[in-house]
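Only one structure is covered here, and it is reproduced in the block below.
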């Protein structure tokens with residue numbers, strides 16, 4: 003277990019030490035984690051680069067779509083993209099997250115490791131964009147795998163080069179968001195560029211990692227037959243690495259957060275895809291030989 007580093011702080015370092023606090027889980031928040039308070043800016047940047055701390059928005063224990071089994075899903079703060087359908091715009095800015103010590107995160111994984119092993123689950127890093135903090139994420143993954151805990155990276159792949167080949171070794175599964183099949187639509191959806199996602203998926207495949215591709219279906223934005231065909235062709239370049247494709251219908255669950263943050267919401271009146279569109283898109287992926295969920 004790594005030792006907690008000593009940091010300079012602008013205010014007295016404060017940790018709650020009561021038994022009640024220590025026994026709390028993070029459901030919906032971050033209570034129970036040791037966190038440096040008032041961290042000196044120079045130390046903050048240094049610790050972020052080394053992975054001694056990570057900026058975390060929240061975490062949860064779930065059995066949803068964040069990987070197999072029961073999982074600890076950690077939502078990291080910070081994201082370079084601005085997806086029109088983002089469910090968590092409150093994770094865009096890293097500074098809005100809470101700094102968490104590396105060893106505190108590893109201890110949390112260790113606490114649940116028996117549950118993970120019993121349910122064939124593990125830890126998933128999501129966001130925001132977890133690859134904005136590659137050192138922290140990869141060090142937690144390395145420790146998790148040493149415990150025999152399954153690791154899963156949820157990412158757009160946009161920050162492809164942030165992850166080294168050595169870091170890839172500690173990923174068991176990647177939930178790779180292929181947000182569009184052509185550059186024009188990808189930029190419209192995210193403000194970013196598509197090629198890094200393709201490059202990252204191909205690197206994962208070359209490294210022998212498993213991929214669940216996720217594609218968000220938004221009527222009038224990502225649902226054209228041509229765009230879906232292009233996504234499927236991109237997936238083909240990942241070869242046997244793909245276990246299945248998740249076609250995720252757009253919904254409005256994230257809209258209240260945009261309103262709360264007073265950010266203009268571009269999909270304010272957008273409806274989700276109808277059954278016919280879902281079936282057509284699923285069949286397009288199936289026609290390329292993919293299992294579709």
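In the numbering used here, the protein residues as written are 3 to 295. Using N, Cα and C, we set each Cβ at its ideal position, and we do this for glycine too.
Which ranges does the alpha helix (DSSP H) cover as unbroken runs of at least 4 residues, wholly within the segment 188-213, from first to last along the chain? With a minimum length of 4 residues, the continuous alpha helix (DSSP H) runs that stay inside the segment 188-213 are 197-208.
Restricting to Cα atoms, I'd like to know which of 190, 46 and 73 is closest to residue 87. Nearest Cα to residue 87 within the set 190, 46 and 73: 190.
Count the other CB atoms within 10 Å of the CB of residue 235; is the residue buried (16 or more) or exposed (fewer)? It counts as exposed.
Other residues of its chain near residue 241: CB distance less than 8 angstroms, five sequence neighbours each side excluded: Here the set comprises 207.
Determine the burial state of residue 135: buried for a count of at least 16 other Cβ atoms within 10 Å of its Cβ, exposed for fewer. Buried.
Contacting residues, own chain, Cβ-Cβ under 6 angstroms from residue 232 (five flanking each side not counted): Answer for residue 232: 183 and 184, listed in chain order.
What number of angstroms, rounded off, separates the C-alpha of residue 70 from the C-alpha of residue 178? Between residue 70 and residue 178, the C-alpha separation is close to 15 angstroms.
Between the segment 55-68 and the segment 135-144, are three or more C-beta pairs nearer than 8 angstroms? Touching, per the Cβ criterion.
Taking the alpha-carbon positions, what's the residue 261 to residue 90 distance? Approximately 12 angstroms between the Cα atoms of the pair.
Taking the beta carbon of residue 152 as the centre, do at least 16 other beta carbons fall within 10 Å, making it buried, or is it exposed? With 16 or more Cβ atoms within 10 Å of its Cβ, residue 152 is classed as buried.
Just reading off the beta strand (DSSP E) that residue 281 is part of, what are its end residues? No beta strand (DSSP E) contains residue 281, which is instead part of the alpha helix (DSSP H) from 277-288.
Check whether chain B comes within 8 angstroms of residue 151, counting only Cβ atoms and requiring the distance to be less than that. Protein chains in the displayed structure number just one, and chain B is not present.
Compute the beta-carbon to beta-carbon distance between residue 249 and residue 217, rounded to the nearest angstrom, for a pair I have assumed lies under 8 angstroms. Correct: roughly 6 angstroms between the Cβ atoms.
Do residue 103 and residue 37 count as a contact pair if the criterion is CB distance below 8 angstroms? Yes, the pair counts as a contact, with Cβ atoms nearer than the cut-off.
Is DSSP giving residue 149 helix, strand or coil here? Residue 149: coil per DSSP, three-state reduction.
Just to confirm before moving on: does the CB-CB distance between residue 274 and residue 295 stay below 8 angstroms? No, the pair does not count as a contact, with Cβ atoms beyond the cut-off.
Residue 257 - containing alpha helix (DSSP H), residue span: Counting along the chain, the unbroken alpha helix (DSSP H) around residue 257 starts and ends at 257-262.
Can at least three beta-carbon pairs, one atom from the segment 95-102 and one from the segment 58-67, be found at a separation below 8 angstroms? Because the criterion of three Cβ pairs below 8 angstroms is met, the segment 95-102 and the segment 58-67 touch.
Nearest-angstrom Cα distance between residue 280 and residue 193? So the alpha carbons of these two residues sit roughly 25 angstroms apart.
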